[in-house]
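Data first, discussion second: the structure below is written as structure tokens.
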Amino acid sequence: MKHRQDTAEPSRRGPRSTAFVATLLLLAALLSAGLTALGLWQLQRLAWKEALIARISQAQQAAPTPLPAPSTWPSISKEQDEYRRVQARGQFLHEKQTLVRASTALGTGYWVLTPLRLSTGGYLLVNRGYVGTDRLTPESRGEPSLGQPEQVVIGLLRPSEPGGSLLQKNEPQAKRWYSRDVAAIAQSQGLPAQDLAPFFIDAVALPDSAPWPRAGLTVLSFNNKHLGYALTWFTLALMVLAGGGYLLWTELRLRRQNPRIQPGSDNPAP
23 MKHRQDTAEP SRRGPRSTAF VATLLLLAAL LSAGLTALGL WQLQRLAWKE ALIARISQAQ
83 QAAPTPLPAP STWPSISKEQ DEYRRVQARG QFLHEKQTLV RASTALGTGY WVLTPLRLST
143 GGYLLVNRGY VGTDRLTPES RGEPSLGQPE QVVIGLLRPS EPGGSLLQKN EPQAKRWYSR
203 DVAAIAQSQG LPAQDLAPFF IDAVALPDSA PWPRAGLTVL SFNNKHLGYA LTWFTLALMV
263 LAGGGYLLWT ELRLRRQNPR IQPGSDNPAP
């Protein structure tokens, strides 16, 4: 018995239509341009972040400057003023301290935020540092509640942290604080909002600083991944361009190999 074997040649695709190819190439060009723009934007962000880090590092080494005057408080910004080393003079109101949950290198405890009645008038919240659960009251730290003289405080200017932490919201009525929300803390302590600095300062550790609260635990950390992001966007842009180039090369090759096949059809021209 004889078996017949099919020997038909497999069909070969002809070139796509010119309009279809042009549309794909245009989309590839637009997508690549968009990805390149994102990469350039990340490079701009990188330059900004490096300048910010340099400014803050320089500020850490600089001598403290006087606390900004109340007339300039509305213009204080996170971008220009955070971590400025400043000094203020006044009297602590220990009876109005607020405890804010904190996680530090010393463990989990609290930041002690105490209002400073400024010698020039007005009030400033000072984060005096960290304490554990065994040193929550001024008396447990050997601090008198009343009658302390004025003193000079040096610290890093920090913007308010309204609302709470990422996972927990502040509960002023229950005196549960998870962020250093200047306005809310001042309201809970009965401080006049019109005379209160809209920022607080993190006290720095000085040679004559009291052991508790433990000052100088501010962590200066910066998320600077902009170069990696830029390289990612540029790589994606090159991949899209490579894909568009491969499409164009394939279509031109099909047109050279099959000159009788009309673009967009698998049948030879009559």
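If you're matching positions, the sequence shown starts at 23 in the working numbering and goes up one per residue.
Backbone N, C-alpha and C define an ideal beta-carbon position, used for all residues, glycine too.
Treat the numbers as computed from the prediction; the structure is a model and nothing was measured.
8 Å Cβ cutoff met for residue i and residue j
i	j	result
L263	S54	yes
F256	T58	yes
L178	D103	no
S182	R198	no
L89	L147	no
Q113	P160	no
A124	W133	yes
N246	K100	no
R139	L115	yes
A85	Y105	no
E165	S141	no
Q368	A259	With the chain running from 23 to 292 in the structure shown, residue 368 is simply not present.
W234	R157	yes
Residue i burial status per 10 Å Cβ neighbour count (16 or more: buried)
i	result
Q195	exposed
G250	exposed
T136	buried
Y268	exposed
N192	buried
L218	buried
I75	exposed
G131	buried
L274	exposed
S97	exposed
G36	buried
L228	exposed
A30	The predicted model places A30 with a pLDDT of 45, which falls under 50 and marks its position as unreliable; any figure quoted below should be read in that light. Exposed: under 16 other Cβ atoms inside 10 Å.
Q83	exposed
Q211	buried
M23	Any reading at M23 needs caution, since the residue's pLDDT is 48, under 50, leaving its predicted position unreliable; the model's value is listed next. Exposed.
A208	buried
R38	buried
L213	buried
P32	Because P32 sits at a pLDDT of 49, beneath the cut-off of 50, its placement in the model cannot be relied upon, and the point is left open.
Assumed close pair residue i, residue j - CB separation to whole angstroms, cut-off 8 Å
i	j	result
H248	L62	H248 to L62, Cβ: 11 Å. No contact.
A51	G266	7 Å
G144	P220	Incorrect: roughly 11 Å between the Cβ atoms, too far for contact.
L47	L270	6 Å
Checklist entry - What residue ranges within the stretch 210-268 form continuous alpha helix (DSSP H) runs of no fewer than 4 residues, ordered along the chain? => result none
Checklist entry - Quick check: the stretch 144-154 against the stretch 232-246, are there 3 or more CB pairs under 8 Å? => result Yes: the two stretches touch, three or more of their Cβ pairs being nearer than 8 Å.
Next on the checklist: Within 8 Å, do at least three Cβ pairs link the stretch 176-190 to the stretch 106-114?
Outcome noted: yes
Item to check | Three or more C-beta pairs below 8 Å linking the stretch 182-191 and the stretch 203-210 | outcome: yes
Checklist entry - Which runs of the beta strand (DSSP E) fall wholly inside the stretch 151-194 and span at least 3 residues, in chain order? => result 173-181
Checklist entry - Enumerated in chain order, which unbroken segments of the alpha helix (DSSP H) with a length of 4 residues or greater are wholly contained in the stretch 34-107? => result 40-83 and 100-103
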